[in-house]
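Written out below as structure tokens is the structure these notes cover.
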Amino acid sequence: MHDFFTFSPKTWLSRKTGFGAALGALLGLLAFGQAAEAANPLELNFWLSGPKYEGRIKSCEAALGTITSQFQEKESTFWNSSLQITAYGRIHETAYRPWQSDNIPRRYCSGDVMLSDGKLRAVHYSIIEDGGFAGYNEGVEWCVTGLDRNWAYNPGCRAAQP
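Be aware that the sequence shown starts at 90, since it is given in the numbering used here, and climbs by one per residue.
Here it is, written out as structure tokens:
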């Protein structure tokens with residue numbers, strides 16, 4: 090009968106050699122196996138011509154309602170704050186499609202917001218074609234300077250600008 094609890098250098102060496110041989114055989118099969126082939130020619134880029142953007146993005150003023158509602162929801166839900174946007178001023182476009190024309194079209198805007206606490210702050214936002222939920226409709230990304238509490242557009246909302 091074999092004693093499994095007794096250490097024997099010969100037994101240990103044979104187990105190590107067997108494991109090494111098995112691992113070497115497995116790696117050899119993987120290294121010299123057949124390479125993955127491309128898909129059937131009918132499947133290659135079949136009707137995948139990519140998105141076709143029109144470049145028609147609403148004006149800067151069209152996004153203000155969305156920013157107002159999203160700001161109020163974010164402040165009340167995540168920060169337990171009753172802070173709201175009460176007024177906008179000096180809204181202007183800062184850039185339109187600032188990068189190559191084949192990128193997703195965006196209109197960058199900036200302005201001032203008056204908050205319910207009486208403070209005037211800057212707001213920077215972009216309107217993105219097909220940037221809404223599941224790529225449907227336009228999306229809006231915004232940042233109110235000094236209230237980017239989760240630092241999504243830090244420092245000072247610079248990441249929300251072009």
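A virtual CB, placed ideally from N, CA and C, is assigned to each residue, including glycine. Given the structure is predicted, the values throughout are model-derived calculations rather than measurements.
Mind checking residue i: buried by the 16 CB within 10 Å criterion, or exposed?
i           : result
residue 213 : buried
residue 199 : buried
residue 237 : buried
residue 240 : exposed
residue 232 : buried
Could you pull out every residue in the same chain whose Cβ sits closer than 6 Å to the Cβ of residue i, ignoring the five residues on either side in sequence?
i           : result
residue 101 : Because residue 101 carries a pLDDT of 49, less than 50, the predicted location of this residue cannot be relied on, and the following value inherits that uncertainty. So the list is empty, once near-sequence residues are dropped.
In terms of DSSP beta bridges, what is residue i paired with?
i           : result
residue 174 : 204
residue 149 : Paired residues: none, contrary to the question.
residue 217 : 195, 228
residue 209 : 203
Relative to the alpha-carbon of residue i, which residue among the options has its alpha-carbon at the smallest distance?
i           : options            : result
residue 177 : 226, 117, 151      : 151
residue 207 : 121, 247, 171      : 171
residue 190 : 145, 248, 181, 110 : 145
Grab me the residues of residue i's own chain with a C-beta within less than 8 Å of its C-beta, minus the 5 sequence neighbours each way, in chain order.
i           : result
residue 243 : 237
Starting from the C-beta of residue i, find all residues in its chain whose C-beta is less than 7 Å away, skip the five residues before and the five after it, and write them out in chain order.
i           : result
residue 158 : none
residue 235 : 210
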